[in-house]
DNA sequence: CTAGGGTTAG
């Protein structure tokens, strides 16, 4: 059509319709010319429409120029401009225009102005200022303004403010509810978002598919299948059309909750599957162990020519599969390198984590060292890798290296390092970390507190552990498990049982580990009936299937109390094949009660099941020694020698003024060696006067003394105690850590020493804690 | 609507 040739005047409506129909910028420019020719260049409604369309085509500069030709713009035109700038990546222009409007015109901003200007805020202060203005001008109650405020406060992570605005609104429409739910989800307040959603449903507010799309990720994140299905049912009831977005959200929910079957069904229903849908499905398959499916889907994605994102890669890494996926992880890694996919910190950390889980620490470390862009998360992954693999010293030194960088440890770092600390038993370092938490203002969340409790318990300070536990406002099952285990570790069986009952009373769900901790506590305190009762309730009431560890604990409880036949009967009736842990426990019990027949039976099974382990050989040879069958005992030791099975040497650690000192059996290398031996000699004299005799009976457990001739050697434990006595003030408590179990002689000797020197001596051996005080030990000679 | 690191376990 040729507009310029038309002779008659065009009406305003015709022009507006022409503007609306313009599909390209040149077309629109032509319409603009028509508009001028027809005398509408100052007609504000026509100009406004034109401005809107200009913004639509992204011609911000033209729109701005046009605006300044209008002599007396009205508030509507201003609003279009404020909105237009902010939609076209120029939110600062929106704000300047708003300022101009307030300062230089007589116009009053309206609800649209505020809604649009709020959306253009680039920082929190500005937002608050506009919030205040809107209230002053009487638009504080407007839903449009309210929605914008809620949205922006959430974007600046000010969930509390957003919530205040939301709660204060006298009327709320669907968009406002959606905005609130969406904002909460984006800020990881999943419970709250579901709460708001439920309130919305209860109040009968009309939902739409955006509501569903917004709330589904929260259900998925909480792995709340029931909640998620409720949402789905509601959506069905309200008869929504299941848009691809909703389907993707639902699929992702099922995928995260482990129902990949339903997820893949939904995946098939999605009309146009985008990358996000693929990623969710791939990661669902992977975390469910169906790695072939995820790889297949990944191939499909590659073939379709779609781009692959870093989420795709992270979703492919079989982080949650148990073991044996090293090959897969390596090939995905190889694929990334080959196809030039940049390992961003997230992807790189995911690889580090899987290598750590597969005990491929060196591979993980190489990746960590190579990554140019380290993050706190990467440091944490590496430190936790060392901790999980028992390399506690390396973990701590890497942590110290991190402290020298610009990275500050966060709650996760602290949790990990506390776990390392607990393994190591270093109370002084643990206390230092505790101080660090306070001084660096690290968020004392449940992980940190639980790790602290564990650290104090394992480093010997059960009182501090209890006080921390007692002061915690929020506890979970793991927290309870930790304190129960701690009490068991220190031999306080009755207290552990009391805590267990309190936990149940408060409605916490006991886990498999809970029962392990309780049974463990029973075995350390000789609570046979209680142990049997707990085991029974675990199986029959709580329907928790016992693991080998639970069985071993039961064997320990029965065996220690002398009911060896009963223990053997228990083993024979096990529904599973008993492993070395079970037989080993029985063997240990035989040692205490000197039952050579059952011991022989147990050790035969052990030599079959676990020929590499030395401890059992030592135990059996000790049993023969008890029977004074020395040739047999010696021949067993020969087997150990022949097979070059090394037994870890006994050593003991003591910290004095924060410095660790390590002693081995018969150690003379220490700079204070002369003083230490002199002190021991003096003590032994006093002990003899009080009735002490060296215990000649063989060691009960896997202790230091291996050969008869080593009997002259002083065990590392006594050396450490003597050193502690001469280097600390009288009355100071002495804490030592042994890598093996305490032998009978040392146990008796330590009791005497605690009496003579009036010291509290706390010993952590390979198995538990002993508190020696006034000639008695907290274990009641039952260990 | 998709993605990385953390606490308990004879």
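Residue numbers (the UniProt record's numbering): 1 to 783.
Using N, Cα and C, we set each Cβ at its ideal position, and we do this for glycine too.
request  = Please look up how many angstroms separate the CB atoms of residue 130 and residue 115, rounded, as I've assumed it's under 8 Å.
outcome  = For the purposes of this step, residue 130 is taken as the residue at position 130 of the first chain. For the purposes of this step, residue 115 is taken as the residue at position 115 of the first chain. Contact flag wrong, Cβ pair sits at about 10 Å.
Nearest-angstrom Cβ-Cβ length linking residue 270 and residue 277, presumed shorter than 8 Å = Counted from its first residue, the first chain places residue 270 at position 270. Counted from its first residue, the first chain places residue 277 at position 277. Contact holds; Cβ gap of about 6 Å.
ask   = What residue range is occupied by the uninterrupted beta strand (DSSP E) comprising residue 653?
value = In the first chain, counting from the first residue as 1, residue 653 sits at position 653. First-last of the beta strand (DSSP E) with residue 653: 651-656.
ask   = Should residue 404 go down as buried or exposed, given a rule of 16 or more other Cβ atoms within 10 Å for buried?
value = Here residue 404 refers to the residue found at position 404 of the first chain. So residue 404 ends up on the exposed side.
query = To the nearest whole angstrom, what separates the beta carbons of residue 784 and residue 396, a pair I think is in contact under 8 Å?
reply = Nothing about residue 784 can be reported from this structure: the residues present for the chain run from 1 to 783 only.
query = In three-state terms, what does DSSP make of residue 734?
reply = Locating residue 734 in the first chain gives position 734, counting from the first residue. Strand.
query = Out of 85, 112 and 90, which has the shortest C-alpha to C-alpha gap to residue 74?
reply = On the first chain, residue 74 is found 74 positions in, with the first residue counted as 1. Of 85, 112 and 90, the residue nearest in Cα terms is 112.
key: Limits of the unbroken alpha helix (DSSP H) element including residue 684   = Counting from 1 along the first chain, the entry for residue 684 is found at position 684. Residues 673-689.
Three-state class that DSSP yields for residue 742 in the structure shown = Translated into positions along the first chain, residue 742 becomes position 742. Coil.
request  = Count the C-beta pairs between the stretch 664-673 and the stretch 748-758 that are closer than 8 Å, then say yes if the count reaches three, no if not.
outcome  = no
inquiry  = Considering only their Cβ atoms, is the gap separating residue 216 from residue 228 smaller than 8 Å?
reply    = Position 228 of the first chain holds residue 228. Position 216 of the first chain holds residue 216. Yes.
key: Start-end ranges of the alpha helix (DSSP H) lying completely within the stretch 157-206, minimum 4 residues   = 159-168, 174-186 and 190-202
ask   = Three or more beta-carbon pairs under 8 Å between the stretch 723-742 and the stretch 763-770, yes or no?
value = yes
ask   = What's the C-alpha gap between residue 354 and residue 286?
value = Walking along the first chain from the start, residue 354 turns up at place 354. Walking along the first chain from the start, residue 286 turns up at place 286. Straight-line Cα distance between these residues: approximately 13 Å.
query = Exposed or buried, which one is residue 392 when buried takes at least 16 other CB atoms within 10 Å?
reply = As a first step, residue 392 is located in the first chain; it is residue number 392 there, counting from the start. By the 10 Å Cβ count, residue 392 comes out buried.
request  = Go through its chain and collect everything with a Cβ distance to residue 149's Cβ below 7 Å, but skip five positions before and after it.
outcome  = Within the first chain, the letter at position 149 stands for residue 149. Excluding sequence neighbours, residue 149 sits near 118, 131 and 165.
message = Measuring only the C-alpha atoms, how far is residue 439 from residue 384?
response = Numbered from 1 along the first chain, position 439 holds the residue referred to as residue 439. Numbered from 1 along the first chain, position 384 holds the residue referred to as residue 384. One C-alpha to the other measures close to 23 Å.
inquiry  = Can you tell me which residues form a DSSP beta bridge with residue 298?
reply    = Indexing the first chain from 1 puts residue 298 at position 298. DSSP output for residue 298 lists no bridge partner at all.
ask   = Can you round the beta-carbon distance between residue 655 and residue 419 to whole angstroms, since I take them to be within the 8 Å contact cut?
value = The sequence position of residue 655 within the first chain is 655, counting from 1. The sequence position of residue 419 within the first chain is 419, counting from 1. Wrong, their Cβ atoms sit about 19 Å apart, outside the cutoff.
query = So, helix, strand or coil for residue 24, using DSSP?
reply = As a first step, residue 24 must be located in the first chain, where it is residue number 24. Residue 24 falls in the coil class under three-state DSSP.
Coarse secondary structure for residue 660, derived from DSSP in three states = Along the first chain, read from residue 1 onward, the residue named residue 660 stands at position 660. Strand, per DSSP.
request  = Count the other CB atoms, across all protein chains shown, that sit within 10 Å of the CB of residue 705; report buried if there are 16 or more and exposed otherwise.
outcome  = Taking the first residue of the first chain as position 1, residue 705 is located at position 705. Per-residue confidence for residue 705 stands at a pLDDT of 49, beneath the threshold of 50, marking its modelled position as unreliable; the derived number appears in the next sentence. When all chains shown are included, residue 705 counts as buried.
ask   = When the Cα of residue 749 is compared with those of 432, 161 and 693, which residue comes out closest?
value = If you number the first chain from 1, residue 749 lands on position 749. Checked all of 432, 161 and 693; the closest Cα to residue 749 is 693.
message = Using only the alpha-carbon positions, how far apart do residue 685 and residue 753 sit?
response = Here residue 685 refers to the residue found at position 685 of the first chain. Here residue 753 refers to the residue found at position 753 of the first chain. Approximately 11 Å between the Cα atoms of the pair.
query = Expressed to the nearest angstrom, what Euclidean distance is found between the alpha-carbon atoms of residue 651 and residue 621?
reply = The residue labelled residue 651 in the question sits at position 651 within the first chain. The residue labelled residue 621 in the question sits at position 621 within the first chain. So the two alpha carbons sit approximately 22 Å from each other.
query = By how many angstroms is the C-alpha of residue 222 removed from the C-alpha of residue 776?
reply = Taking the first chain and counting its residues from 1, the one referred to as residue 776 is at position 776. Taking the first chain and counting its residues from 1, the one referred to as residue 222 is at position 222. Distance between the alpha carbons of residue 776 and residue 222 is about 50 Å.
With 16 other Cβ atoms within 10 Å as the buried cut-off, status of residue 432 = As a working note, residue 432 is residue 432 in the first chain. Exposed, since its Cβ has fewer than 16 Cβ neighbours within 10 Å.
ask   = If you draw a straight line from the alpha carbon of residue 292 to that of residue 266, how long is it in whole angstroms?
value = Here residue 292 refers to the residue found at position 292 of the first chain. Here residue 266 refers to the residue found at position 266 of the first chain. Whole-angstrom Cα-Cα distance: 19 Å.
ask   = Who are the near neighbours of residue 583 in its chain, counting only those whose CB is closer than 6 Å to its CB and skipping five residues on each side?
value = One-based indexing of the first chain puts residue 583 at position 583. Answer for residue 583: 602, 605 and 606, listed in chain order.
query = What is the rounded straight-line gap between the Cα of residue 258 and the Cα of residue 220?
reply = As a working mapping, residue 258 is identified with position 258 in the first chain. As a working mapping, residue 220 is identified with position 220 in the first chain. C-alpha separation (whole angstroms): 10 Å.
key: Burial state of residue 409, where buried means 16 or more other Cβ atoms lie within 10 Å   = Taking the first residue of the first chain as 1, we reach residue 409 at position 409. Under this definition residue 409 is a buried residue.
request  = Please list the segments of the alpha helix (DSSP H) lying wholly inside the UniProt repeat "PPR" (375-409), counting only runs of 4 or more residues, in order along the chain.
outcome  = 376-388 and 392-404
ask   = Is DSSP giving residue 417 helix, strand or coil here?
value = Translated into positions along the first chain, residue 417 becomes position 417. If DSSP states are grouped into helix, strand and coil, residue 417 belongs with the helices.
key: Where the beta strand (DSSP E) through residue 82 begins and ends   = Working through the first chain from its first residue, we reach residue 82 at position 82. Here residue 82 belongs to no beta strand (DSSP E); instead the alpha helix (DSSP H) covers 75-87.
task = For the alpha helix (DSSP H) holding residue 285, just list the boundary residues, first then last.
result = Indexing the first chain from 1 puts residue 285 at position 285. 275-287 is the span of the alpha helix (DSSP H), which, as asked, contains residue 285.
query = Applying the criterion that 16 or more other CB atoms from any shown protein chain within 10 Å of the CB defines a buried residue, is residue 630 buried or exposed?
reply = As a first step, residue 630 must be located in the first chain, where it is residue number 630. Burial call: exposed.
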